Amino acid sequence: NGQMPLSTKQLNIRWEDGIKNFLSNKKLTDSYNLLSSVTDNEIKEEYVRNNIDLTIDYLYINNSNIPDSAIIISEDELLAYYEDNKEDKYLVDEKVKLDYVIYKSLVSEDDTLNYNIEKDSLMSEAFILSDEANYTSFDQALDSYKKTIEDTISVSQALQGFSGIPSEMGNSRKVIRFAFDGDLNMVSTPFEMNNGIAVFRILEKDKESYKPFSEVKESIERILMRDLKAEKAKTMISEFKNTNWSDIANSNDLINLESQSEGKISANYKGIGKSPELEGELSALNEPGDVSGLIKTPTSFAFAKLINRGAIDEEDYEEKYPNIKSQLLLSKRFSGGYNEWLRSRKENIEVEDWRHLIY
Numbered sequence: 148n149g150q151m152p153l154s155t156k157q158l159n160i161r162w163e164d165g166i167k168n169f170l171s172n173k174k175l176t177d178s179y180n181l182l183s184s185v186t187d188n189e190i191k192e193e194y195v196r197n198n199i200d201l202t203i204d205y206l207y208i209n210n211s212n213i214p215d216s217a218i219i220i221s222e223d224e225l226l227a228y229y230e231d232n233k234e235d236k237y238l239v240d241e242k243v244k245l246d247y248v249i250y251k252s253l254v255s256e257d258d259t260l261n262y263n264i265e266k267d268s269l270m271s272e273a274f275i276l277s278d279e280a281n282y283t284s285f286d287q288a289l290d291s292y293k294k295t296i297e298d299t300i301s302v303s304q305a306l307q308g309f310s311g312i313p314s315e316m317g318n319s320r321k322v323i324r325f326a327f328d329g330d331l332n333m334v335s336t337p338f339e340m341n342n343g344i345a346v347f348r349i350l351e352k353d354k355e356s357y358k359p360f361s362e363v364k365e366s367i368e369r370i371l372m373r374d375l376k377a378e379k380a381k382t383m384i385s386e387f388k389n390t391n392w393s394d395i396a397n398s399n400d401l402i403n404l405e406s407q408s409e410g411k412i413s414a415n416y417k418g419i420g421k422s423p424e425l426e427g428e429l430s431a432l433n434e435p436g437d438v439s440g441l442i443k444t445p446t447s448f449a450f451a452k453l454i455n456r457g458a459i460d461e462e463d464y465e466e467k468y469p470n471i472k473s474q475l476l477l478s479k480r481f482s483g484g485y486n487e488w489l490r491s492r493k494e495n496i497e498v499e500d501w502r503h504l505i506y
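According to this note's numbering, the sequence shown is numbered sequentially starting from 148.
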């Protein structure tokens, strides 16, 4: 008769609401992204960084070349780092251990009518077990209705990332709230999960705590060793900017010199790699003999001296201009626009996070 089955009514309502929300968000996102623009100066800078040839000398030191024996870290420094960072890095969230039984449907969700009928039947069975468990005990109820524990899990109130509920079950704030608001040995009412109807029991509660210092001491030592090596490398090379680089490299095993190295501003250079700071310093070198400021890359510190810099080929620039502009616009639309607007709005509002109270 052309009418949809009554059993699909709620599904259609949810689908329609979802489409409305998606379309409104999509329109807003696309509208803001289309506002992105690039200037001629940005286009020329992009052309220069990828097309102009440079010849440079550079003096550098790799942080990892500093021997461990050159760094001394005291126990007090390790403890100080632990105390300063324990809230952010070493806090162990309050957790609750649960076990549960699950009633899984054998009917495909595509068979909407029979699926909903069976789901109602399973929900009734789960309620009967839950009531029996609260009247006697969870173990007795399991024995009476021939059910077995599906799994034991440990859950936290984490609002981001993994809360402890198995991925096939889907996330559920109702389960989390039951776990943290309930008492030991309390049995839940049935919860509808992605893979069936589940009934949970609270087994244990572990309060918020910190990882012991002894457990994280080695990792702290590695962090401080890395940071202190970088600091020492920076200090060592800083005094050599205006010296004879060949003499320094020949007399110091930790300092390296690359001569007459050719590449683009955006190139990956031997021994130091690439970084936005490196590109910025190389872009600022215009005349032969110009020396950069101290450059930091992810693994090293360096100074660069310009030997030669190619000129802009205006004909080539004009030819590549449209393509560069399109690429920059596309990049801005994917990374900016709506997201930048949303980020700026969030920075100007006061947010109170009450998600942990949502059932």
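Glycine included, every Cβ here is placed at the ideal spot set by N, Cα and C. Fair warning: this is a prediction, and the values are worked out from it, not measured in the lab.
- The C-alpha of E192 lies about 18 Å from the C-alpha of N415.
- Q407 is the residue among P359, Q407, S439, S447 whose C-alpha sits nearest the C-alpha of N455.
- T299 is bridged by DSSP to D246.
- With 16 or more other Cβ atoms inside 10 Å of its own Cβ, K242 counts as buried.
- Going by C-alpha positions, E234 is about 19 Å away from S310.
- With 16 or more neighbouring CB atoms inside 10 Å of its own CB, T444 falls in the buried class.
- When beta bridges are read from the DSSP output, L206 appears opposite L404, F450.
- A distance below 8 Å between beta-carbons, with the five flanking residues on each side excluded, links S252 to the following residues of its chain, in chain order: Y262, E265, K266, L269, G343.
- Between K376 and N210, the gap from beta carbon to beta carbon is short of 8 Å.
- Each of N172, E461, L225, N389 was checked against the Cα of F360, and the nearest Cα belongs to L225.
- Here the region 198-206 makes contact with the region 376-395; the two share three or more CB pairs at distances below 8 Å.
- Apart from sequence neighbours up to five positions away, the residues of its chain that approach A288 with a beta-carbon distance below 6 Å are L276, E279, A280, ordered along the chain.
- Burial state of S335 is buried, judged by a 10 Å Cβ sphere holding 16 or more other Cβ atoms.
- The DSSP-derived three-state label of N455 is strand.
- Listed in chain order, the beta strand (DSSP E) elements of length 3 or more contained wholly in the region 356-423 are 403-411.
- CA-CA distance, S478 to A273, rounds to 52 Å.
- Per the Cβ contact rule, the region 392-410 is not in contact with the region 457-464 (fewer than 3 Cβ pairs under 8 Å).
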